[in-house]
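S.K.: Handing you a structure now.
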Amino acid sequence: MGDTTAWLMLAAGDDRARASNDGYDDDPSSHYSWDSTVPNHQGPKKGDVIVLWDKKYLLGASVIEEIDEGTAPKDVHSCPWCGKARIESRTTVLPRLKCYNCGHEFDVPSTRTKTVTTYRTQHSAGWVDLAGRLDGAQLRALCVKPKSQLSLRPLDYDRFRAAVGDAPTPTTLAPLEAAVTYVSGHREAYVRVRRGQGPFRSALLAKYGDECAFTGRMPVDALEAAHLYSYAATGEHHNDGGLLMRRDVHRLFDLGFLAVHPDTFHIDVHPALAPYEEYTSLHDKPLRPKLTSAQREWLRKHWEQMRSTSPGAA
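Residue numbering for the sequence shown follows the numbering used here, beginning at 968 and increasing consecutively.
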């Protein structure tokens, strides 16, 4: 992944909006917005990794599937004295605004409306929740320019990857890195919307009933149709390409903390789950359903992807 381009992006909700603008509508797990008034606004591209934070902690990371561009009017606020937009709100001091260009303080800024180019990523498919695993100081140090104050700043992906692997709570970046491969290859099938998911789940319920492949019988409403491969990468529902899994088991399987050993086809529980007896009790137990040859092959590929490097180092 040495040639991976990555960006650290500030997604702090109301805190993200400087007094010079009225902020952005972000949902870290699915989209991120900015406009042409932002430095580096033309930098991020399809296939780049984006790492989102809230100034204090890491939120998560993904890969840009698409960037939707448009135009929109925007109110831009500036200092009444010098005309610069380097103004910020203060919550405990009056006047409430200060210009960090000329030093003047005031309550009412100058405002003008301008037309800007808008950018909005779509990145839900490769999203990995990394909430709190690194703090703000660690993330700043991983930037190409650690002293940068920009909301969009280049990040050293290899160092970020290593830092996530060394974090106290391990995780895997394998879903993200699989997404990088497919998006960079311009695979048009790479989408998060799971067309045909309803029929796919119905077919699995008809075949396996109310049984999670890992844990046994449970209410149908708790069962999800789990792909044994990266659906986000292929966009296809393969025959014999799925099993029913309890929701939490499904998530841990997708992240590689639960896998199936390709020699025995027994459940393998990653050591990171050692504190959780409910999961460790599954270790080395056979899967509940009888596997087809196609399912065995998909599970082998899942093992190769997730366990060739362990979660947290992927």
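We treat Cβ as the ideally placed atom computed from N, Cα and C, and that holds for glycine.
1. Verify whether the separation of the beta carbon atoms of residue 999 and residue 1087 is less than 9 Å.
2. I'd like to check one pair, residue 1038 with residue 1078: are the Cβ atoms closer than 9 Å?
3. Could you tell me the distance, in whole angstroms, from the CA atom of residue 1259 to the CA atom of residue 1231?
4. Give a yes or no on contact between the stretch 1218-1237 and the stretch 1126-1141, applying the rule of three or more CB pairs nearer than 8 Å.
5. Please report how far the alpha carbon of residue 1094 lies from the alpha carbon of residue 997, in whole angstroms.
6. Between the Cα of residue 1062 and the Cα atoms of 1075, 1068, 1133, 1051, which residue gives the shortest distance?
7. Assign residue 1245 to one of two classes, buried (16 or more other C-beta atoms within 10 Å of its C-beta) or exposed (fewer than that).
8. On the DSSP bridge list, what partners appear for residue 1269?
9. If distances are taken between C-alpha atoms only, which option among 1056, 1057, 1022, 1213 comes closest to residue 1098?
10. Measure the alpha-carbon distance for residue 1191 versus residue 1184 and round it to whole angstroms.
11. Go ahead and label residue 966 buried or exposed: buried means 16 or more other beta carbons lie within 10 angstroms of its beta carbon, across all protein chains shown.
12. Residue 1130 and residue 1092: beta carbons closer than 9 Å?
13. With residue 1195 as the anchor, note down where its alpha helix (DSSP H) starts and where it stops.
14. Do you know whose CA, among 1047, 1033, 1100, lies nearest residue 1019's CA?
15. What distance in whole Å lies between the Cβ atoms of residue 1216 and residue 1181, which are believed to be in contact at a cut-off of 8 Å?
16. Comparing alpha-carbon positions, which option in 1263, 1241, 1014 lies nearest residue 1090?
17. Can you name the start and end residues of the beta strand (DSSP E) that residue 1009 belongs to?
18. Within a Cβ cutoff of 6 Å, which residues of the same chain sit near residue 1210, ignoring the five residues on either side of it in sequence?
19. Who are the near neighbours of residue 1267 in its chain, counting only those whose CB is closer than 8 Å to its CB and skipping five residues on each side?
20. CA-CA distance, residue 1254 and residue 1117?
21. Using DSSP bridges, identify the partner residues of residue 1120.
22. Relative to the alpha-carbon of residue 1257, which residue among 1235, 1174, 1250 has its alpha-carbon at the smallest distance?
23. Considering only the alpha carbon of each residue, which of 1040, 1103, 1265, 971 lies closest to residue 1030?
24. Which residue's Cα is closest to the Cα of residue 973: 1004, 1012, 1006?
25. Give me, in chain order, the residues of the same chain whose beta-carbon lies closer than 7 Å to that of residue 1214; leave out the 5 immediate sequence neighbours on both sides.
26. Please state whether DSSP places residue 1032 in a helix, a strand or coil.
27. Specify the secondary structure class of residue 1224 as computed by DSSP and reduced to three states.
28. Residue 1038 by DSSP, collapsed to three states: which one?
M.R.: According to the structure data:
1. Indexing the sequence shown from 1 puts residue 999 at position 32. Indexing the sequence shown from 1 puts residue 1087 at position 120. Annotated as proximal: residue 999 and residue 1087, with beta-carbon spacing under 9 Å.
2. As a first step, residue 1078 is located in the sequence shown; it is residue number 111 there, counting from the start. As a first step, residue 1038 is located in the sequence shown; it is residue number 71 there, counting from the start. No, the pair does not count as a contact, with Cβ atoms beyond the cut-off.
3. Taking the sequence shown and counting its residues from 1, the one referred to as residue 1259 is at position 292. Taking the sequence shown and counting its residues from 1, the one referred to as residue 1231 is at position 264. Approximately 14 Å between the Cα atoms of the pair.
4. Touching, per the Cβ criterion.
5. If you number the sequence shown from 1, residue 1094 lands on position 127. If you number the sequence shown from 1, residue 997 lands on position 30. When rounded, the distance between both Cα atoms is 7 Å.
6. Position 95 of the sequence shown, counting from 1, holds the residue named residue 1062. Comparing Cα positions, the closest option is 1075.
7. Here residue 1245 corresponds to residue number 278 of the sequence shown, with the count starting at 1. By the 10 Å Cβ count, residue 1245 comes out exposed.
8. Here residue 1269 is taken as the residue at index 302 of the sequence shown, counted from 1. Looking at the DSSP output, residue 1269 sits in no beta bridge, so it has no partner there.
9. The residue labelled residue 1098 in the question sits at position 131 within the sequence shown. Answer by Cα proximity: 1022.
10. Locating residue 1191 in the sequence shown gives position 224, counting from the first residue. Locating residue 1184 in the sequence shown gives position 217, counting from the first residue. Going by the C-alpha atoms only, they are around 13 Å apart.
11. Nothing about residue 966 can be read from this structure; the chain reaches only from 968 to 1281.
12. The residue labelled residue 1130 in the question sits at position 163 within the sequence shown. The residue labelled residue 1092 in the question sits at position 125 within the sequence shown. In this structure, residue 1130 sits away from residue 1092, with a CB-CB distance that is not shorter than 9 Å.
13. Within the sequence shown, residue 1195 is the residue found at index 228, counting from 1. DSSP places residue 1195 in no alpha helix (DSSP H); its state is neither H nor E.
14. Within the sequence shown, residue 1019 is the residue found at index 52, counting from 1. For residue 1019, the closest C-alpha among the options 1047, 1033, 1100 is that of 1100.
15. Taking the sequence shown and counting its residues from 1, the one referred to as residue 1181 is at position 214. Taking the sequence shown and counting its residues from 1, the one referred to as residue 1216 is at position 249. Between residue 1181 and residue 1216 a beta carbon distance of about 5 Å is seen, short of the 8 Å cut, so the two are scored as contacting.
16. Residue 1090 sits at position 123 when you count from the first residue of the sequence shown. Answer by Cα proximity: 1014.
17. Counted from its first residue, the sequence shown places residue 1009 at position 42. Taken as a continuous stretch (DSSP letters only), residue 1009 belongs to no beta strand (DSSP E), as it is neither H nor E.
18. As a first step, residue 1210 must be located in the sequence shown, where it is residue number 243. Closer than 6 Å at Cβ, skipping near neighbours: 1180, 1193.
19. Here residue 1267 refers to the residue found at position 300 when the sequence shown is read from its first residue. Counting only Cβ-Cβ distances below 8 Å, and skipping sequence neighbours, we find 1229.
20. Here residue 1254 refers to the residue found at position 287 of the sequence shown. Here residue 1117 refers to the residue found at position 150 of the sequence shown. Cα to Cα, the separation comes out at about 49 Å.
21. Mapped onto the sequence shown, residue 1120 falls at position 153. BP columns for residue 1120 point to 975.
22. Reading the sequence shown from its first residue, position 290 is the one you call residue 1257. It is 1174.
23. As a working note, residue 1030 is residue 63 in the sequence shown. Per the Cα distances, 971.
24. For the purposes of this step, residue 973 is taken as the residue at position 6 of the sequence shown. Between residue 973 and the set 1004, 1012, 1006, the nearest pair of CA atoms involves 1012.
25. As a position in the sequence shown, residue 1214 is number 247, starting the count at 1. Taking C-beta separations shorter than 7 Å and ignoring five residues to either side along the sequence, the partners of residue 1214 in its chain run 1189, 1191, following chain order.
26. Here residue 1032 is taken as the residue at index 65 of the sequence shown, counted from 1. In the structure shown, residue 1032 sits in coil (DSSP, three-state: anything other than H, G, I, E or B).
27. In the sequence shown, the residue the question calls residue 1224 occupies position 257. Of the three classes helix, strand and coil, the one that applies to residue 1224 here is coil, per DSSP.
28. To locate residue 1038, count along the sequence shown from 1; it is residue 71. Looking at residue 1038 - three-state DSSP - the assignment turns out to be strand.
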